[in-house]
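Enquirer:
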Amino acid sequence: MNTLKRTSLVFAVLAFALVACGLPAAPTTQPSVTVVEPVETQPAEAATSQPVENEAGEAVLLFDIGMHIEPMGETAQGFQSGKNDYHNPQFFERQVEDIRFLTQMIEAHGGRMTIQAQSPFTTVALESGNTILADLAARGHELALHFHEDAHLGKNPEPLSVQQWCDVMKEELGYIMQAGGVSDVRYWSGGNLYVNLYEAAECAGLDVNSDWKSPATQSTDMSLIGVNPWRPAGGTDGSDFTLFTQHDPNGAIVFLPEGQYDKENFASMRRSDDAGGDEAYFEYLKESLYASLSAAQSGKVNVFHFTVHPGEFRGDPQDPFGVIQRFLTEVVDPLVASGQLQWATYSEMADAYAATEP
Ligand SMILES: [Zn+2]
């Protein structure tokens, strides 16, 4: 590594360590020795904030599995959604059990998920005193919002104002914070066809986004595929991606692409009849993960992640979620051990990206 590169890396690490510790950045008038101190006294923070390359100087790919909890039943805004209903205690409990099982499996492999929820899951948890979301947060999983615009704003949400979107997003974030016992939620998925989505999200206090998929076609535009995050200059109506794919250094939102996939329907192919079932889907995830490792660049923040739903991929009752277990054991664990892959929640990915910005 040349000196310039090493110096800029050290500064990026320092900047991130300061942010991570909640300490104010040292004013430029202070001697530089006071800047160095937090890194020396807090090696753990410095270590986790250095994801751009491993000890061998190779690129690192930040990795996570996200979960979309879907709006099932009447939402807080009074719209009916989904085939099932979280107000049915048996259904709610079954899904909670699945979430607990899967998150514990991932914890055993060193990972923490980004769990994305909304009402009525959050409100049923609150009303019934179920502590699932608070338990997950206490164990280090990130709590986030999965915003289904039609379930929270009604059938034709796109013409509604930024303020209307912002208010309802805030309302939903309030239930997550209350049920999860957290004071901050930063990531959301959904709302994908609203041109002013990023304004609304910023207004609601959100700053990390991903999982763009057209709700109409269930596909992802190839221009959004890749491993390097950016700050979109604006949203999309689903056909014009000019602003979305344009980097705005002052943009409030960090967008995390999902990885180096080669199909527009990668996010929905698990449900297609010709995808070949769970095993074939995870084989495709493995290939895409390897392609993402190849695309990862040293000196940049590189990310790869995919989504599961509660109960999805449960498979054989004798070996629940075996396909995920095997993927973690056979594909993920060796790459984590070799330093090529590093677990990070979605907000941690965004923070790692922000730490590399000039
Ligand atoms: Zn969804």
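Each number in the working numbering comes from the position in the sequence shown (counting from 1) with 515 added on. A virtual CB, placed ideally from N, CA and C, is assigned to each residue, including glycine.
1) How many angstroms separate the CA atom of V700 from the CA atom of G720?
2) Taking C-beta to C-beta, are G750 and L758 nearer than 9 Å?
3) Identify the continuous beta strand (DSSP E) that holds E657 and give its terminal residues.
4) If we count the other Cβ atoms within 10 Å of its Cβ and call it buried at 16 or more, is K598 buried or exposed?
5) Inspect the beta-carbon positions of A782 and T735 and report whether they are closer than 9 Å.
6) By Cβ distance, which residues of its chain are closer than 6 Å to F842, with the 5 residues on each side in sequence left out?
7) Nearest to H661 by alpha carbon, out of H667, A632, P747?
8) Which of the three DSSP states, helix, strand or coil, is assigned to V838?
9) Would you mind working out which of E573, Y690, G581 sits nearest S862, comparing C-alpha positions?
10) Which runs of the beta strand (DSSP E) fall wholly inside the stretch 576-633 and span at least 3 residues, in chain order?
11) Closest by CA to A623, which one among F828, W703, G655, A806?
12) In angstroms with no decimal places, state the Cα-to-Cα distance between R829 and I614.
13) So does A854 have its beta carbon nearer than 8 Å to some heavy atom of ligand 1?
14) Measuring only the C-alpha atoms, how far is S809 from A574?
15) Mind checking whether G774 and H820 have CB atoms under 9 Å apart?
16) If you measure from each CB to the nearest heavy atom of ligand 1 and keep those under 6 Å, what residues do you get, in chain order?
17) DSSP three-state label for A869, please.
Expert: Based on what the coordinates show:
1) For the purposes of this step, residue 700 is taken as the residue at position 185 of the sequence shown. For the purposes of this step, residue 720 is taken as the residue at position 205 of the sequence shown. Taking the straight line joining both Cα atoms gives about 8 Å.
2) Locating residue 750 in the sequence shown gives position 235, where the first residue counts as 1. Locating residue 758 in the sequence shown gives position 243, where the first residue counts as 1. The answer is yes: Cβ separation under 9 Å.
3) By 1-based counting over the sequence shown, the position of residue 657 is 142. Run containing E657: 657-662, per the beta strand (DSSP E) assignment.
4) Here residue 598 refers to the residue found at position 83 when the sequence shown is read from its first residue. Exposed.
5) Residue 782 sits at position 267 when you count from the first residue of the sequence shown. Residue 735 sits at position 220 when you count from the first residue of the sequence shown. Taking 9 Å as the Cβ cut-off, A782 and T735 qualify as a contacting pair.
6) As a first step, residue 842 is located in the sequence shown; it is residue number 327 there, counting from the start. Within the same chain, F842 has close Cβ partners F797.
7) The residue given as residue 661 occupies position 146 in the sequence shown. In terms of CA proximity to H661, A632 leads the group H667, A632, P747.
8) Mapped onto the sequence shown, residue 838 falls at position 323. Three-state result, V838: helix.
9) One-based indexing of the sequence shown puts residue 862 at position 347. Cα-wise, what sits closest to S862 is G581.
10) Entirely contained in the stretch 576-633, the beta strand (DSSP E) runs reaching 3 residues are, in chain order, 576-583, 629-632.
11) Here residue 623 refers to the residue found at position 108 of the sequence shown. The shortest C-alpha separation from A623 is found at G655.
12) Numbered from its first residue, the sequence shown carries residue 829 at position 314. Numbered from its first residue, the sequence shown carries residue 614 at position 99. Computed Cα separation, rounded: 11 Å.
13) Numbered from its first residue, the sequence shown carries residue 854 at position 339. Residue 854 is actually Gly in this sequence, not Ala. It does not: the Cβ of G854 is nowhere closer than 8 Å to a heavy atom of ligand 1.
14) As a first step, residue 809 must be located in the sequence shown, where it is residue number 294. As a first step, residue 574 must be located in the sequence shown, where it is residue number 59. Taking the straight line joining both Cα atoms gives about 9 Å.
15) For the purposes of this step, residue 774 is taken as residue 259 along the sequence shown, with counting starting at 1. For the purposes of this step, residue 820 is taken as residue 305 along the sequence shown, with counting starting at 1. In this structure, H820 lies closer than 9 Å to G774 by Cβ.
16) H583, E585, H661, H663
17) Position 354 of the sequence shown, counted from the start, is the residue given in the question as residue 869. Note: A869 maps to helix in three-state DSSP.
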